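Reading through the structure tokens given below for one structure.
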Amino acid sequence: MGRLSLTVGTAAVLVTGLATNAQAASGTIRYFSAGGQEFDITNPPDNVCLTLQVRATNVTNETNKRVSIYLDTSCNTFVTTLVPGRGVSYVGGPQSVRVIG
160 MGRLSLTVGT
170 AAVLVTGLAT
180 NAQAASGTIR
190 YFSAGGQEFD
200 ITNPPDNVCL
210 TLQVRATNVT
220 NETNKRVSIY
230 LDTSCNTFVT
240 TLVPGRGVSY
250 VGGPQSVRVI
260 G
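Count along the sequence shown from 1, add 159, and you get the number used in the working numbering.
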């Protein structure tokens, strides 16, 4: 009985942990190309590096969480963090974002 309880308890912790990691921001990260084309990422997952389809000249955080902006495609070259409702313009353009909560 002791092992069964430990196994069930471990499974519950794993399931709860996985559910927590799968959270997503509510809303949209909106960005624009140099040519003015709009791109949207709707309900982006937390703590996942998302590569943008184009170099962004404008990025707006319309989610309920903070979003970090990066120059490279693998979220290594940090630029800034946008709080909900904020936007920024760039020359040279970010190429990836990550929701950080």
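Yeah, the Cβ is synthetic: ideal placement off N, Cα and C, and Gly gets one too.
Please read all numbers here as calculations on a predicted model, not as lab measurements.
- Just so you know, the alpha carbons of residue 258 and residue 203 end up roughly 7 Å apart.
- In the three-state DSSP reduction, residue 186 falls in the strand class (E or B).
- For residue 240, the enclosing beta strand (DSSP E) begins and ends at 237 to 241.
- Per DSSP, the unbroken beta strand (DSSP E) holding residue 255 starts and ends at 255 to 258.
- Check the Cα spacing between residue 198 and each of 207, 206, 188 and 205: the tightest is with 188.
- If you look at residue 220, you'll find it in the beta strand (DSSP E) that goes 217 to 222.
- Bridge pairing for residue 203: absent [DSSP].
- In this structure, residue 211 lies near residue 256, with their beta-carbon atoms less than 8 Å apart.
- DSSP places residue 252 outside both helix and strand once states are collapsed to three, so it counts as coil.
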